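Residue numbers (the working numbering): 19 to 129.
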């Protein structure tokens, strides 16, 4: 099987890369761009991660609210209807592949 190799930008400690096929990550990663991922086992509030939500891989900003509910937020706030919330009692029923390495921080949206 043939594998494509995508070199990470110099100084970026990425474990793997994925292509972005939609506009959910704009303006941070454009459609057709590349997301560089570092494998981690957990995220902090405001980190951007690559998740598998049961049907597809998605890039979302992670945060927890005061009650412990987990929120996965689209980076493109014009598409905020695609945000997902997971109650604290049920845990996070998605798989975390790793943290997306970005050139600039993504501010948490105002609530």
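All residues carry an ideal CB built from backbone N, CA and C; glycine is no exception. Please read these numbers as outputs of a predicted model, since none were measured by experiment.
Going by alpha carbons, who is nearest to residue 113 out of 25, 97, 107 and 70?
Ranking the options by Cα distance to residue 113, first place goes to 70.
Buried or exposed (CB count within 10 angstroms, at least 16 for buried), residue 93:
Flag for residue 93 reads buried.
Buried or exposed, going by whether 16 or more other CB atoms sit within 10 Å of the CB of residue 91?
With 16 or more other CB atoms across the displayed protein chains lying within 10 angstroms of its CB, residue 91 is buried.
How about residue 50 and residue 38: do their beta carbons lie closer than 8 Å?
Contact flag set, yes.
When you compare the stretch 57 to 64 with the stretch 95 to 110, are there three or more beta-carbon pairs, one atom per stretch, that lie closer than 8 Å?
Using a Cβ-Cβ distance cut-off of 8 Å, the stretch 57 to 64 and the stretch 95 to 110 are not in contact, since fewer than three pairs of beta carbons, one from each stretch, lie closer than that value.
For residue 43, which residues of its own chain have a beta-carbon under 6 Å away from its beta-carbon, when the five flanking residues on both sides are left out?
Close CB contacts of residue 43 within its chain, under the 6 Å cut and outside five residues either way in sequence, are with 77 and 93 (chain order).
Would the beta-carbon of residue 118 fall within 8 Å of that of residue 72?
No, they are not a contact pair.
Find the nearest neighbour of residue 130 within the set 128, 115 and 121, judged by alpha-carbon distance.
Any question about residue 130 goes unanswered here, given that the chain covers just 19 to 129.
Length at least 3, wholly inside the stretch 71 to 116: the beta strand (DSSP E) runs in chain order:
Within the stretch 71 to 116, the complete beta strand (DSSP E) runs of at least 3 residues are 75 to 82, 88 to 91 and 102 to 104.
Pick from 87, 46 and 52 that is closest to residue 131, judged by C-alpha positions
Residue numbering for the chain in the displayed model covers 19 to 129; residue 131 lies beyond these limits and cannot be assessed.
Please report the distance separating the alpha-carbon of residue 124 from that of residue 86.
In a straight line, the C-alpha of residue 124 is about 21 Å away from that of residue 86.
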